[in-house]
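> Throughout, the working numbering is defined as the position within the sequence shown, counted from one, plus 1241. Ideal placement from N, C-alpha and C gives every residue a C-beta, glycine not left out.
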Amino acid sequence: MHRKTSLSVWLFLVVGPVPVLAGGPLPVAAQGLPFHTPSALTTAFEERGVRVFSMVQSRGDLTGVVFPLIVLPFAPHQRLTTTIKLPLTYKRMRDPGGASGGAYSEGGIGDLELSAKWAFFVRNRFAGTTRVALILGASLPTGGTSAKMNDGLPAPRPLQLGTGSLSGGVTIVTTIVRNRWGLNAAVGHVRHGTDDGFHFGAVTRYDLALSIRVPENVETIRTRTVQLYLEWNGSITQRATSGGSELLDTGGHVGYLSPGIQWVVLPQLLIEGSLQIPLLQDHNGVQPDYGVRPAIGARFLFF
């Protein structure tokens, strides 16, 4: 089977090849990809392509818009893919005094992220698959760290576009597809370096996503499908340190309930949207709460 041109690969969309029967509807387990939760899939939309989306983030007086450009440039093996993520970021803080210009605004490139995913366990079955993958990631300090408040004082670290240091992480993710149903579960850990005495706290992330496809049967490569998702996206962040001392009002445990929808318009194009609702906000010390985070985007597959 040639994995670039086989009809069953494209009908399967992202899961991989499955048996195709002659005559009648094709029993294909076409599944999309969760908006936020990683996937163990390494074919089609997770193989070679481009993903773009825009997300609005708010926390207290701070509002940010993130527009990441994600490219999957190289897949040397059907179980191995690579990813480059370049986030374009804009942050603005409202002035409590009501000044029209706000207290802070800054836009530009954030930290460049690189990752590689290896599906070390793959077990395909009729109209389904079970896969486990290891994701290794790193970020480079390409984002700025010298922005100033509108009054001329240096902006706090969380307001900067970049972290100023290298970071590295590892994630384990499991994907299970059974006919029209999909399940993704992931846990990962990221650690940051130190920049000018400041050290962001390590982050442990855990995600769970349940999906269902409409319609139940995918009969041809042109069948348009809709995926409905319900995700839980949580993160536990340790306190940051500055000059070796812990910053008490940093870090904590945050969890989002994230309903989402994905429309596979063409075999090589899908449109997606999500709404992250913060249901768990257990902050260390005194910190403002996060707001609801809407997002919309698209993915394009290179044949």
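Three Cβ pairs or more, each shorter than 8 Å: is that satisfied between the stretch 1271-1283 and the stretch 1362-1376?
yes
> What residues match up with residue 1539 in a beta bridge as DSSP calls it?
Taking the first residue of the sequence shown as 1, we reach residue 1539 at position 298. 1293, 1512, per the DSSP bridge assignment.
> Could you please give me the residues that DSSP links to residue 1459 through a beta bridge?
For the purposes of this step, residue 1459 is identified with residue 218 of the sequence shown, where counting begins at 1. Residue 1459 pairs with nothing; no bridge assigned.
> On the DSSP letters alone, give me the boundaries of the beta strand (DSSP E) that residue 1326 sits inside.
Residue mapping note: residue 1326 aligns to position 85 of the sequence shown, counting from 1. Residue 1326 -> beta strand (DSSP E) spans 1321-1334.
> Can you name the start and end residues of the beta strand (DSSP E) that residue 1425 belongs to?
As a first step, residue 1425 must be located in the sequence shown, where it is residue number 184. Counting along the chain, the beta strand (DSSP E) containing residue 1425 begins and ends at 1422-1433.
> On the premise that residue 1442 lies in contact with residue 1478, defined as a C-beta separation below 8 Å, what is that separation, rounded to the nearest angstrom?
Your numbering for residue 1478 matches position 237 in the sequence shown. Your numbering for residue 1442 matches position 201 in the sequence shown. Contact holds; Cβ gap of about 5 Å.
> Sort out for me which residues DSSP pairs residue 1483 with in a bridge.
The sequence position of residue 1483 within the sequence shown is 242, counting from 1. Answer by DSSP bridge pairing, in chain order: 1439, 1486.
> For the putative contact between residue 1414 and residue 1431, defined by C-beta atoms under 8 Å, what is the C-beta separation to the nearest angstrom?
What you label residue 1414 is simply residue 173 of the sequence shown in a count that begins at 1. What you label residue 1431 is simply residue 190 of the sequence shown in a count that begins at 1. About 14 Å; that fails the 8 Å criterion.
> List the DSSP bridge partners of residue 1517.
To locate residue 1517, count along the sequence shown from 1; it is residue 276. Partner(s): 1534.
> Would you be able to state if there are at least three C-beta pairs under 8 Å between the stretch 1309-1316 and the stretch 1282-1296?
The stretch 1282-1296 and the stretch 1309-1316 touch, with no fewer than 3 CB-CB distances between them shorter than 8 Å.
> If I follow the unbroken beta strand (DSSP E) through residue 1355, where does it start and stop?
In the sequence shown, the residue the question calls residue 1355 occupies position 114. Residue 1355 -> beta strand (DSSP E) spans 1353-1366.
> Report the residue from 1422, 1401, 1446 whose alpha carbon sits nearest the alpha carbon of residue 1458.
Along the sequence shown, read from residue 1 onward, the residue named residue 1458 stands at position 217. Minimum Cα distance to residue 1458 is reached at 1422.
> Strictly by DSSP, which residues pair up with residue 1274?
On the sequence shown, residue 1274 is found 33 positions in, with the first residue counted as 1. In the DSSP output, where bridge partners are listed per residue, residue 1274 has none listed.
> Would you please state the rounded distance, in angstroms, between the beta carbons of residue 1412 and residue 1428? I believe it to be under 8 Å.
For the purposes of this step, residue 1412 is identified with residue 171 of the sequence shown, where counting begins at 1. For the purposes of this step, residue 1428 is identified with residue 187 of the sequence shown, where counting begins at 1. Confirmed, Cβ separation roughly 7 Å.
> Name the two residues that bound the continuous beta strand (DSSP E) containing residue 1464.
The residue labelled residue 1464 in the question sits at position 223 within the sequence shown. First-last for residue 1464: undefined, no H or E at that position.
> Quick one: is the Cβ of residue 1360 within less than 7 Å of any heavy atom of the ligand NAD?
The model depicted lacks the ligand NAD and carries no ligand whatsoever.
> Using DSSP with H/G/I as helix, E/B as strand and the rest coil, what is residue 1472?
Counting from one through the sequence shown, the residue named residue 1472 turns up at place 231. Residue state, collapsed to three classes: strand.
> Comparing C-alpha positions only, which one of 1490, 1475, 1452 sits nearest to residue 1504?
The residue labelled residue 1504 in the question sits at position 263 within the sequence shown. Of 1490, 1475, 1452, the residue nearest in Cα terms is 1452.
> Quick one: is residue 1275 buried, meaning 16 or more other Cβ sit within 10 Å of its Cβ, or exposed?
To locate residue 1275, count along the sequence shown from 1; it is residue 34. Residue 1275 comes out buried.
> Can you confirm whether the stretch 1494-1501 touches the stretch 1461-1476 when touching is taken to mean that 3 or more C-beta pairs between the two stretches lie within less than 8 Å?
yes
> Please list the segments of the beta strand (DSSP E) lying wholly inside the stretch 1368-1395, counting only runs of 3 or more residues, in order along the chain.
1369-1381
> Starting from the C-beta of residue 1238, find all residues in its chain whose C-beta is less than 8 Å away, skip the five residues before and the five after it, and write them out in chain order.
The requested residue 1238 is not part of the displayed model; the chain covers only 1242 to 1544.
> Buried or exposed for residue 1455, please, with buried defined as at least 16 other CB atoms from any protein chain shown within 10 angstroms of its CB.
Stepping through the sequence shown from its first residue, residue 1455 is reached at position 214. So residue 1455 ends up on the exposed side.
> Let me know the secondary structure DSSP gives residue 1314 once reduced to three states.
Locating residue 1314 in the sequence shown gives position 73, where the first residue counts as 1. Residue state, collapsed to three classes: coil.
> Is it the case that the Cβ atoms of residue 1541 and residue 1510 are separated by a distance below 8 Å?
To locate residue 1541, count along the sequence shown from 1; it is residue 300. To locate residue 1510, count along the sequence shown from 1; it is residue 269. Yes, Cβ-Cβ distance for residue 1541 and residue 1510 is below 8 Å.
> With a cut-off of 8 Å, do at least 3 Cβ pairs link the stretch 1300-1307 to the stretch 1316-1323?
Segments in contact, no.
> Report the CB separation of residue 1433 from residue 1408 in whole angstroms; it is logged as a contact under 8 Å.
Counting from one through the sequence shown, the residue named residue 1433 turns up at place 192. Counting from one through the sequence shown, the residue named residue 1408 turns up at place 167. Going by Cβ atoms, the distance from residue 1433 to residue 1408 rounds to 4 Å, so yes, they are a contact pair.
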